[in-house]
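What follows is a single structure, written as structure tokens, with notes after it.
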Amino acid sequence: MYKLLILLPIIIPIIGSILYLKCNLFSGKYKPHLMVGTVFLTFLSTMIFYPVISTGSTINFRIGSVLLLGISFKIDIFSFFMVAVVSLLWILISIYAVEYMENDRKKNRFFVFFLLNLSGAMGFFLSGDVITMFLFFELLTIFSYILVVHREDEQALKAGNRYIFLSLIGGLGFLFSIVVTYINGISLSFASGGMVSEASPLISAAFFVYMVGFSIKAGIFPFHIWLPVAHPVAPSPASALLSGIMIKTGAFGMLRIIYNIYGVNFIQSMGWDSVLLAIAGITIFLGSAAAIFEKDLKKRLAYSSIGQMGYIFLGMFLFNQSSLTGDIFHIVSHAVMKSCLFLAAGIIIYKTGKRNIEELKGIGHSMPVTMICFSLAALAMIGFPPFTGFITKWELSMGALQAGHPEYVALFLLSSLMNGIYYFPIIINAFFVSPEDKEIKEFETGENVSWKMLFPVSILALGTFIFDIIPANIPLNMSEKIARLLLNI
Amino acid sequence: MNETAVLESFLLPMIILIPMVGAFVLYAAGVYSRNLRNILSVVFSALPLLILIRFYFIIQDTSVIYRIEGLLDYGLTFSLDMLSFIFALMVAIVWFLTSLYLIDYFTNEKHQERFYFFLFLTLSGSLGTVLTADLFTLFVFFELMSMASYVLIVHKEDLISIKAANKYLLMAVFGALALLMGIIFVYHYTGTVALVPMVDYLPETGIKYLIAALFIVGFGIKAGMFPVHIWLPDAHPVAPTPASALLSGVMIKLGVYGLIRVFNIMFIPEGLTSVGSSFASNMGYVIILLGFVTMFLGAFLALFQVNMKKILAYSSISQVGYIITAVGIAGYMGLEDTSGLGSALYHVINHALFKSLLFLVVGIIYYRIHELNINKISGLARKMPFVTAVFLIGMAGIIGFPGFNGYVSKVLLHEAVVESYQYQGSKLLYYGEKLFKLTGILTAAYFMKILIPVYLGKMSDNVKNIKNKGSNMMKLSIGVLGLFIMFIGLFPGQVFQYILQPALQERVTAEFVAHLDHIFEMVHIQSAVFTIFYGFIVYMFLRVTRLFAVHLNRNLSLEYLIYRPLISIFFYFSDIFISIFDKKLTHSYDSTFHIGSYFSKLFLLVFDYENGLQQQHESQDSKIDQISSGLRDTAISSVEKLQEGYNHHFSDIHWDIKNLDFDLYILVLVLLMVLVFMCPGLYYFI
Numbered sequence: 001m002y003k004l005l006i007l008l009p010i011i012i013p014i015i016g017s018i019l020y021l022k023c024n025l026f027s028g029k030y031k032p033h034l035m036v037g038t039v040f041l042t043f044l045s046t047m048i049f050y051p052v053i054s055t056g057s058t059i060n061f062r063i064g065s066v067l068l069l070g071i072s073f074k075i076d077i078f079s080f081f082m083v084a085v086v087s088l089l090w091i092l093i094s095i096y097a098v099e100y101m102e103n104d105r106k107k108n109r110f111f112v113f114f115l116l117n118l119s120g121a122m123g124f125f126l127s128g129d130v131i132t133m134f135l136f137f138e139l140l141t142i143f144s145y146i147l148v149v150h151r152e153d154e155q156a157l158k159a160g161n162r163y164i165f166l167s168l169i170g171g172l173g174f175l176f177s178i179v180v181t182y183i184n185g186i187s188l189s190f191a192s193g194g195m196v197s198e199a200s201p202l203i204s205a206a207f208f209v210y211m212v213g214f215s216i217k218a219g220i221f222p223f224h225i226w227l228p229v230a231h232p233v234a235p236s237p238a239s240a241l242l243s244g245i246m247i248k249t250g251a252f253g254m255l256r257i258i259y260n261i262y263g264v265n266f267i268q269s270m271g272w273d274s275v276l277l278a279i280a281g282i283t284i285f286l287g288s289a290a291a292i293f294e295k296d297l298k299k300r301l302a303y304s305s306i307g308q309m310g311y312i313f314l315g316m317f318l319f320n321q322s323s324l325t326g327d328i329f330h331i332v333s334h335a336v337m338k339s340c341l342f343l344a345a346g347i348i349i350y351k352t353g354k355r356n357i358e359e360l361k362g363i364g365h366s367m368p369v370t371m372i373c374f375s376l377a378a379l380a381m382i383g384f385p386p387f388t389g390f391i392t393k394w395e396l397s398m399g400a401l402q403a404g405h406p407e408y409v410a411l412f413l414l415s416s417l418m419n420g421i422y423y424f425p426i427i428i429n430a431f432f433v434s435p436e437d438k439e440i441k442e443f444e445t446g447e448n449v450s451w452k453m454l455f456p457v458s459i460l461a462l463g464t465f466i467f468d469i470i471p472a473n474i475p476l477n478m479s480e481k482i483a484r485l486l487l488n489i
Numbered sequence: 001m002n003e004t005a006v007l008e009s010f011l012l013p014m015i016i017l018i019p020m021v022g023a024f025v026l027y028a029a030g031v032y033s034r035n036l037r038n039i040l041s042v043v044f045s046a047l048p049l050l051i052l053i054r055f056y057f058i059i060q061d062t063s064v065i066y067r068i069e070g071l072l073d074y075g076l077t078f079s080l081d082m083l084s085f086i087f088a089l090m091v092a093i094v095w096f097l098t099s100l101y102l103i104d105y106f107t108n109e110k111h112q113e114r115f116y117f118f119l120f121l122t123l124s125g126s127l128g129t130v131l132t133a134d135l136f137t138l139f140v141f142f143e144l145m146s147m148a149s150y151v152l153i154v155h156k157e158d159l160i161s162i163k164a165a166n167k168y169l170l171m172a173v174f175g176a177l178a179l180l181m182g183i184i185f186v187y188h189y190t191g192t193v194a195l196v197p198m199v200d201y202l203p204e205t206g207i208k209y210l211i212a213a214l215f216i217v218g219f220g221i222k223a224g225m226f227p228v229h230i231w232l233p234d235a236h237p238v239a240p241t242p243a244s245a246l247l248s249g250v251m252i253k254l255g256v257y258g259l260i261r262v263f264n265i266m267f268i269p270e271g272l273t274s275v276g277s278s279f280a281s282n283m284g285y286v287i288i289l290l291g292f293v294t295m296f297l298g299a300f301l302a303l304f305q306v307n308m309k310k311i312l313a314y315s316s317i318s319q320v321g322y323i324i325t326a327v328g329i330a331g332y333m334g335l336e337d338t339s340g341l342g343s344a345l346y347h348v349i350n351h352a353l354f355k356s357l358l359f360l361v362v363g364i365i366y367y368r369i370h371e372l373n374i375n376k377i378s379g380l381a382r383k384m385p386f387v388t389a390v391f392l393i394g395m396a397g398i399i400g401f402p403g404f405n406g407y408v409s410k411v412l413l414h415e416a417v418v419e420s421y422q423y424q425g426s427k428l429l430y431y432g433e434k435l436f437k438l439t440g441i442l443t444a445a446y447f448m449k450i451l452i453p454v455y456l457g458k459m460s461d462n463v464k465n466i467k468n469k470g471s472n473m474m475k476l477s478i479g480v481l482g483l484f485i486m487f488i489g490l491f492p493g494q495v496f497q498y499i500l501q502p503a504l505q506e507r508v509t510a511e512f513v514a515h516l517d518h519i520f521e522m523v524h525i526q527s528a529v530f531t532i533f534y535g536f537i538v539y540m541f542l543r544v545t546r547l548f549a550v551h552l553n554r555n556l557s558l559e560y561l562i563y564r565p566l567i568s569i570f571f572y573f574s575d576i577f578i579s580i581f582d583k584k585l586t587h588s589y590d591s592t593f594h595i596g597s598y599f600s601k602l603f604l605l606v607f608d609y610e611n612g613l614q615q616q617h618e619s620q621d622s623k624i625d626q627i628s629s630g631l632r633d634t635a636i637s638s639v640e641k642l643q644e645g646y647n648h649h650f651s652d653i654h655w656d657i658k659n660l661d662f663d664l665y666i667l668v669l670v671l672l673m674v675l676v677f678m679c680p681g682l683y684y685f686i
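Take a look at the structure:
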């Protein structure tokens with residue numbers, strides 16, 4: 001019975017979304033509360049597993065005869081960590097979204113899919129084999145498409161097309177690889193260590209197609225092209241979800257495939273890890289460089305996401321504990337930082353309607369809380385101590401050195417410098433440059449934003465450094481345990 | 001440092017924590033009441049000073065350590081030994097006096113709360129930088145100090161200060177990242193980041209030199225060392241004057257502190273026969289040369305400025321050059337170093353005193369007259385006798401007049417330079433010694449340039465019409481600094497006995513003590529007086545020939561010749577990179593659909609001719625034509641775009657020989673070089 005509870009985080013949001021759609025008690029006055037409550041319940045339902053996880057054991061739950069081979073769910077420390085963090089972030093974003101989408105015409109559709117996306121994400125992170133993962137991978141593609149095209153204008157539809165077609169290609173590739181791995185007798189369920197011993201060309205090809213499939217989700221070069229158009233057109237809470245959480249599903253899937261299906265030995269014997277590292281390097285440089293030239297605030301953040309996903313992609317092919325710790329830590333910390341940045345940008349757009357960075361001069365004086373939160377998250381992105389970005393940089397650099405790749409240390413730091421080049425102007429414009437034209441006076445009326453928007457942003461901004469300045473850095477310790485689990489040491 | 005006796009004390013991190021908490025308290029207090037804030041600011045800057053002084057007697061034979069596990073992954077370790085103590089004391093004293101000074105300085109300026117907030121964060125960062133036991137913790141606080149001081153520089157928020165602050169920020173971030181990379185390498189290869197000798201554990205490859213270079217860049221940027229000094233003359237003058245005093249007097253020394261820790265302690269091998277010794281002395285040699293260039297360049301450029309704060313900023317570069325030279329000598333000579341480290345520390349203390357004094361004096365002038373141009377003020381002496389007297393003390397200190405503190409450290413520095421030349425007989429160091437003396441002359445000259453027009457002569461109108469009253473707090477703080485300067489100058493042995501000797505311990509040599517004992521010998525006094533006299537002659541010469549009016553062409557500066565083109569080239573290539581890997585990729589992705597639809601129509605034509613023909617008629621023009629023409633168009637447009645990008649990025653770079661004004665100052669530089677290097681007879685003169 002206890003095992004059945006693993007389905008709770010997946011089912012609760014679905015029930016919540018149906019209720020949201022159909023239940024019109026009190027003429028829908030309490031719909032927002034229902035929505036936030038559902039997300040909160042989901043978070044609580046993930047917390048049920050903490051006693052099991054803390055003892056170091058895992059739960060496997062299998063439903064036979066669904067989808068031919070049956071689907072299975074698994075909760076180990078890795079998936080627990082992910083679902084806990086993701087649902088926690090989801091709570092904050094949902095509180096924010098209630099206010100942000102208040103006057104939106106299609107807010108019912110948005111919130112229904114907002115909850116369905118949560119269900120999809122929970123299912124994805126809790127999946128115990130590749131087939132289940134594929135199921136939720138495809139579901140997430142469809143669900144998040146709705147969030148991308150929410151505005152329904154030409155720009156959004158175009159971005160949505162680019163997103164959905166690429167994701168479909170990725171999904172098909174995923175299916176191909178599943179078939180190949182299955183007929184070659186490789187177990188499809190995730191087990192620590194991985195079990196592929198010898199590399200046949202077909203198996204190697206399947207590995208690459210897996211990587212392509214997840215790269216499309218994660219926005220890794222050369223499949224990143226949907227990301228800088230799709231993330232900015234979505235409404236800001238959805239952007240935060242997409243950039244903060246959705247692209248991490250790609251990274252999570254890659255880690256599962258590399259460490260739980262194929263195993264480190266296979267990839268090292270294949271000898272392609274240096275190529276993958278180079279791709280990661282290009283992704284890092286590309287994301288950071290493109291962000292410098294971008295004038296649109298949300299686009300800049302989206303390009304920055306590409307660069308940061310490059311860090312994560314790089315970390316998983318260095319194959320040592322330090323790099324993997326930094327990698328998993330960065331998955332989480334980037335989720336926090338990027339959500340914070342997108343939500344703060346959302347407040348600015350919501351209040352002023354301005355997206356161009358040049359137009360945001362002096363906004364720090366009129367919206368101090370928002371911009372201070374934005375600045376903190378931006379400093380975390382650049383990687384200043386004591387923010388989380390610094391820990392990532394330190395761990396990943398150590399990992400790169402241990403793996404014998406000092407050039408990537410230089411790349412990390414170059415990328416940090418470039419992050420500085422594109423984040424500092426926003427901060428400087430906001431706080432230290434006085435607006436020249438009278439137009440700006442209009443937002444000198446004060447912050448005047450509901451707590452529903454400021455509270456999530458402030459909590460997220462706090463999250464970018466609070467764990468580093470208290471003696472027990474829980475996310476980092478968890479990441480370290482996960483890294484040890486994945487490497488089987 | 002005595003390894004055996006270690007005291008753990010929670011008071012140690014409190015020194016850093018108090019100003020950090022104080023920053024928040026002051027912000028809140030500032031909103032409530034300014035007077036309360038001013039009083040609290042004095043309290044919060046006095047507390048660290050008091051705790052430090054309390055520690056003074058303890059650390060004579062033990063070192064104080066406190067470790068906080070788990071913070072920031074690696075854990076933070078604080079420690080206090082006498083070397084740290086010297087720097088921490090310098091920071092705390094100057095900060096305390098500056099916060100006294102600040103009480104009356106701000107009248108109606110905007111953003112005072114913000115200024116105080118970041119002022120105290122900077123104090124916390126500065127104290128943290130010197131009170132750490134490992135490079136990791138040092139880096140954390142170094143970053144805090146660098147970032148917080150950005151806000152002090154940008155305080156005025158006008159175009160000039162934003163530009164200067166941005167330049168500072170870019171270089172500070174770059175330096176911090178270089179430093180971080182060095183620390184990561186050190187940690188990886190040695191397994192520790194503690195501030196102990198570790199050069200023996202580094203691999204015998206080029207990586208060692210890379211690490212050294214990263215540290216030189218990282219700390220050198222903060223110290224204002226050539227060739228990464230370019231932010232300093234812009235950033236220091238634009239800050240509010242008390243902040244300038246701190247930046248110039250205190251914060252650049254933190255870069256020096258890093259250099260001392262790395263090159264004079266970590267890179268010095270433990271045993272004499274160790275393999276690392278040649279490495280340490282090679283790096284020391286490089287630092288000496290950089291120090292000489294910094295020293296001369298700062299003094300030379302200071303001659304041609306008209307803004308008082310700019311003169312002082314360039315002077316800071318020059319004086320830090322002295323210190324860096326001595327640090328280099330200590331590294332170069334390794335364990336055989338006699339007076340390098342001692343004189344470096346001595347000059348650190350002295351420069352902190354007289355440079356903050358001079359900046360604060362200029363601040364008083366600005367506070368009362370709102371003018372900094374030396375050509376627009378004259379005859380100040382009669383209106384402000386006390387300020388003039390204090391200025392004279394500071395000036396006497398910096399130009400090395402016998403009886404004032406600068407004289408002592410400069411004589412010691414000179415001895416160190418001479419000894420470094422005698423150590424291995426390097427010819428370059430021999431010329432360096434001449435450059436040292438020349439710099440001394442120029443220093444005297446550019447201070448004459450402030451003294452004579454501003455204080456002497458007839459009163460100008462703006463001086464006559466001074467309305468607002470002077471502030472006693474300001475006078476008090478500069479007066480105290482002046483007393484320190486005179487005290488050190490008259491009793492040089494005291495500083496040695498109570499501060500330098502405990503810090504240097506086994507590195508105190510008989511030679512150094514002998515130099516100190518003979519500090520007031522006739523030879524030294526004569527040479528100091530002659531230096532000042534020659535400085536006066538140089539000043540008169542430049543004044544009579546009107547060479548002071550020479551406008552230095554900024555296009556010939558390091559920034560415009562090297563850094564800006566480098567940055568532009570970097571941006572240009574990243575532009576190309578993006579256009580290939582992002583824009584072109586998107587385009588080819590979009591055209592994939594066209595190709596796909598073309599092939600599916602072709603397929604239809606083969607297997608279902610009728611239907612296919614109809615389809616083809618519907619789409620009038622062939623898709624493949626569209627694609628090829630589309631590709632051609634994008635090719636042409638991308639070439640145009642690249643050209644445009646080229647013009648855009650390279651428009652403000654000054655590499656075209658046509659417009660290269662061969663300015664007089666290059667000519668003067670060449671002439672001076674020729675004079676110094678080609679005429680042996682001149683040496684006797686200098």
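Protein chains in written order, with the numbering used here: chain A, 1 to 489; chain B, 1 to 686.
Cβ atoms here follow ideal geometry from the backbone N, Cα and C, with glycine treated the same way.
query: What is the rounded straight-line gap between the Cα of residue 116 (chain A) and the Cα of residue 23 (chain A)?
result: So the alpha carbons of these two residues sit roughly 16 Å apart.
query: By DSSP, does residue 8 (chain B) sit in helix, in strand, or in coil?
result: Looking at residue 8 (chain B) - three-state DSSP - the assignment turns out to be strand.
message: Just to confirm my understanding: we take residue 458 (chain B), look at its own chain, exclude 5 residues before and 5 after, and list those with CB closer than 7 Å. What are they?
response: Once the five neighbours on either side are set aside, the close Cβ partners of residue 458 (chain B) are 378, 379.
task: Using a Cβ-Cβ cut-off of 7 Å, state whether residue 188 (chain B) counts as contacting chain A.
output: So yes, residue 188 (chain B) belongs to the interface.
message: Give me the chain B residues within the contact set of residue 260 (chain A), using Cβ-Cβ distance strictly less than 9 Å, ordered along the chain.
response: The contacting residues do not exist; residue 260 (chain A) stays about 26 Å from chain B at best.
Bridge partners - residue 393 (chain A), DSSP secondary structure assignment: Partner(s): none; residue 393 (chain A) has no beta bridge.
query: Could one say the Cβ of residue 70 (chain B) lies closer than 7 Å to chain E's Cβ atoms, at least one of them?
result: Reference to chain E is not applicable here, since the protein chains of this structure are A and B.
task: Quick one: residues in its chain with C-beta nearer than 7 Å to the C-beta of residue 3 (chain A), no 5 flanking neighbours on either side, listed in chain order?
output: Within the same chain, residue 3 (chain A) has close Cβ partners 59, 61.
- request: Examine chain A for any beta-carbon lying closer than 7 Å to the beta-carbon of residue 160 (chain B), and answer yes or no.
  value: At least 7 Å separates the CB of residue 160 (chain B) from every CB of chain A.
- request: Identify the contact partners of residue 289 (chain A) in chain B, using a Cβ-Cβ distance below 7 Å as the criterion.
  value: Those are 574, 577, 578, listed as they occur along chain B.
message: What would DSSP say about residue 194 (chain B), mapped onto helix, strand or coil?
response: Residue 194 (chain B): strand per DSSP, three-state reduction.
message: Assuming residue 79 (chain B) is part of the beta strand (DSSP E), what are its boundary residues?
response: That run of the beta strand (DSSP E) goes 76 to 80.
task: Assign residue 396 (chain A) to buried or exposed, taking buried as 16 or more other Cβ atoms, counted over all protein chains shown, within 10 Å of its Cβ.
output: The residue is buried, with at least 16 neighbouring Cβ atoms inside 10 Å.
message: Measuring alpha carbon to alpha carbon, tell me which residue in A:129, A:250, A:482 is nearest residue 72 (chain A).
response: Ranking the options by Cα distance to residue 72 (chain A), first place goes to A:129.
query: Should residue 589 (chain B) be flagged as near chain A, meaning a C-beta pair shorter than 7 Å?
result: At least one CB atom of chain A sits nearer than 7 Å to the CB of residue 589 (chain B).
message: Does the CB of residue 391 (chain A) have a neighbour CB from chain B at under 7 Å?
response: For residue 391 (chain A), the answer is yes, since a Cβ of chain B falls inside 7 Å of its Cβ.
- prompt: Do you know offhand how far residue 473 (chain A)'s Cα is from residue 73 (chain B)'s?
  reply: Cα to Cα, residue 473 (chain A) sits roughly 7 Å from residue 73 (chain B).
- prompt: Can you find a CB in chain A that lies within less than 7 Å of the CB of residue 686 (chain B)?
  reply: Here residue 686 (chain B) scores only 44 on pLDDT, less than 50, and its place in the model is too uncertain to base an answer on.
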